[in-house]
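J.:
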Amino acid sequence: MDTTHRTDQQRSADQRRRELLEAADRVVLRDGPRASMNAIAAEAGITKPILYRHFGDKGGLYRALAKRHTDALLAALRAALDAPADRRRRVEATLDTYLAAIEARPQVYRFLMHPAEEPGQTPEQGFDVGRHSAPLLRRMGEELAEVIAERIDLGPGNEALARVWGHGIVGMMHAAGDWWLGERPCTRPELVRGLADLLWGCLAEVDDREGGPGF
1 MDTTHRTDQQ RSADQRRREL LEAADRVVLR DGPRASMNAI AAEAGITKPI
51 LYRHFGDKGG LYRALAKRHT DALLAALRAA LDAPADRRRR VEATLDTYLA
101 AIEARPQVYR FLMHPAEEPG QTPEQGFDVG RHSAPLLRRM GEELAEVIAE
151 RIDLGPGNEA LARVWGHGIV GMMHAAGDWW LGERPCTRPE LVRGLADLLW
201 GCLAEVDDRE GGPGF
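Going by this note's numbering, the first residue of the sequence shown is number 1, and it counts up by one from there.
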């Protein structure tokens, strides 16, 4: 009975956490980097101390939101890599999946990657997004490195080189996507083609790893 009670409590806590994250998402979609704990608590119909009880502080809430969105993005990227198409089309589809995600929810992207810039705000009042976003990008780089290592034969030092490629590609996507989202100097398909052309010189030359799912 005691075990069942604890399990029910955990399910209830997990459900409540999901509801709070959904409320936070709605505020972030509206306010972007300026989303505040006060606004999120109000959206969820609770007090700020209760929100702190679930996430600790804005950093804890940020990490929970980052995991939620990164999990969804990584699943979409893997689906693009698994699509039944030739390698070039899959590379373009993967790049497009990332860019489409940040284009569809630019306020979420800005919340995750850019601090709010409030006039007269001190560092203590602000939110150090860089300290939190770096692990997010590293996670994406490691995930892509795993995909590359299991699918492409890079010869001696395969795993180390796969990590070089994984982090390099994520860095390229992030930097190019950030610039493009802010300035819109070209269409998304044009950016996809340009980035794919940049990557293709190396990707066109390597063989699939024997016994792997192919890249």
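Glycine included, every Cβ here is placed at the ideal spot set by N, Cα and C.
Can you list, in chain order, the residues of its chain whose CB lies under 7 Å from that of threonine 97, leaving out five sequence neighbours each side?
T.: Taking the first residue of the sequence shown as position 1, residue 97 is located at position 97. Only Ala76, Leu77, Ala80 meet the Cβ criterion.
J.: When DSSP labels each residue in this structure, what does isoleucine 40 get in the three-state scheme?
T.: For the purposes of this step, residue 40 is taken as residue 40 along the sequence shown, with counting starting at 1. Residue state, collapsed to three classes: helix.
J.: Please go through the same chain and pick out, in chain order, the residues whose beta-carbon is closer than 6 Å to the beta-carbon of glutamate 150, but skip the five residues on each side of it.
T.: As a working note, residue 150 is residue 150 in the sequence shown. Only Gly212 meet the Cβ criterion.
J.: Any idea what DSSP makes of aspartate 153, helix, strand or coil?
T.: Translated into positions along the sequence shown, residue 153 becomes position 153. DSSP places aspartate 153 in strand when its eight states are reduced to three.
J.: Let me know the alpha helix (DSSP H) ranges lying completely inside the segment 28–78, each 4 residues or longer, listed in chain order.
T.: Counting only runs of 4 or more, we get 37–44, 48–55.
J.: On the DSSP letters alone, give me the boundaries of the alpha helix (DSSP H) that valine 164 sits inside.
T.: Locating residue 164 in the sequence shown gives position 164, where the first residue counts as 1. Unbroken alpha helix (DSSP H) run through valine 164: 158–183.
J.: Looking at the structure shown, is aspartate 207 part of a helix, part of a strand, or coil, going by DSSP?
T.: Taking the first residue of the sequence shown as 1, we reach residue 207 at position 207. Reduced to three states, the DSSP call for aspartate 207 is strand.
J.: What residue from Leu20, Val27, Arg87 has the CA that sits closest to glycine 201's CA?
T.: Locating residue 201 in the sequence shown gives position 201, counting from the first residue. Ranking the options by Cα distance to glycine 201, first place goes to Arg87.
J.: Under a three-way DSSP split, which group does cysteine 186 fall into?
T.: The sequence position of residue 186 within the sequence shown is 186, counting from 1. Three-state result, cysteine 186: coil.
J.: Measuring CA to CA, which of His54, Tyr109, Ala85 is closest to tryptophan 179?
T.: Position 179 of the sequence shown, counted from the start, is the residue given in the question as residue 179. Per the Cα distances, Tyr109.
J.: From what residue to what residue does the alpha helix (DSSP H) around phenylalanine 111 run?
T.: By 1-based counting over the sequence shown, the position of residue 111 is 111. Segment 106–113, the alpha helix (DSSP H) holding phenylalanine 111.
J.: Between methionine 173 and leucine 74, which are expected to be in contact by the criterion C-beta below 8 Å, what is the C-beta distance as a whole number of angstroms?
T.: For the purposes of this step, residue 173 is taken as the residue at position 173 of the sequence shown. For the purposes of this step, residue 74 is taken as the residue at position 74 of the sequence shown. The Cβ separation is near 13 Å, so there is no contact.
J.: Please state whether DSSP places aspartate 82 in a helix, a strand or coil.
T.: Numbered from 1 along the sequence shown, position 82 holds the residue referred to as residue 82. If DSSP states are grouped into helix, strand and coil, aspartate 82 belongs with coil.
J.: Among the residues of its own chain, which have a CB less than 6 Å from the CB of arginine 163, if the five just before and after it don't count?
T.: By one-based count along the sequence shown, residue 163 stands at place 163. Ala145.
J.: Enumerate in chain order the residues of its own chain whose CB-to-CB distance from threonine 122 is below 8 Å, with the five nearest sequence positions on each side excluded.
T.: Within the sequence shown, residue 122 is the residue found at index 122, counting from 1. Note that threonine 122 has pLDDT 44, beneath the 50 cutoff, so the model's placement of it is unreliable and no number is given.
J.: Measuring CB atoms only, is the segment 37–52 touching the segment 12–23, in the sense that at least three cross pairs come out at less than 8 Å?
T.: Touching, yes.
J.: Measure the Cβ-Cβ separation of phenylalanine 55 and alanine 66 and say whether it is below 8 Å.
T.: The sequence position of residue 55 within the sequence shown is 55, counting from 1. The sequence position of residue 66 within the sequence shown is 66, counting from 1. Taking 8 Å as the Cβ cut-off, phenylalanine 55 and alanine 66 do not qualify as a contacting pair.
J.: So what's proline 135 in DSSP terms, helix, strand or just coil?
T.: As a working note, residue 135 is residue 135 in the sequence shown. Helix.
J.: Skipping 5 residues on each side, what residues in its chain have a beta carbon closer than 8 Å to that of leucine 91?
T.: Taking the sequence shown and counting its residues from 1, the one referred to as residue 91 is at position 91. Inspection of the sequence shows that residue 91 is occupied by valine rather than by leucine. Ala196, Leu199, Trp200, Leu203, listed in sequence order.
J.: Should isoleucine 148 and glycine 166 be called a contact, given that it needs their Cβ atoms to be closer than 8 Å?
T.: Within the sequence shown, the letter at position 148 stands for residue 148. Within the sequence shown, the letter at position 166 stands for residue 166. Against a cut-off of 8 Å, the Cβ pair of glycine 166 and isoleucine 148 comes out as a contact.
J.: Compute the Euclidean distance between the alpha carbons of aspartate 14 and threonine 94, then round it to the nearest angstrom.
T.: Taking the sequence shown and counting its residues from 1, the one referred to as residue 14 is at position 14. Taking the sequence shown and counting its residues from 1, the one referred to as residue 94 is at position 94. The straight-line gap from Cα to Cα measures roughly 32 Å.
J.: Counting C-beta neighbours from all protein chains within 10 Å, is the total for proline 33 16 or more, i.e. buried, or is it exposed?
T.: Taking the sequence shown and counting its residues from 1, the one referred to as residue 33 is at position 33. With 16 or more other Cβ atoms within 10 Å, it is buried.
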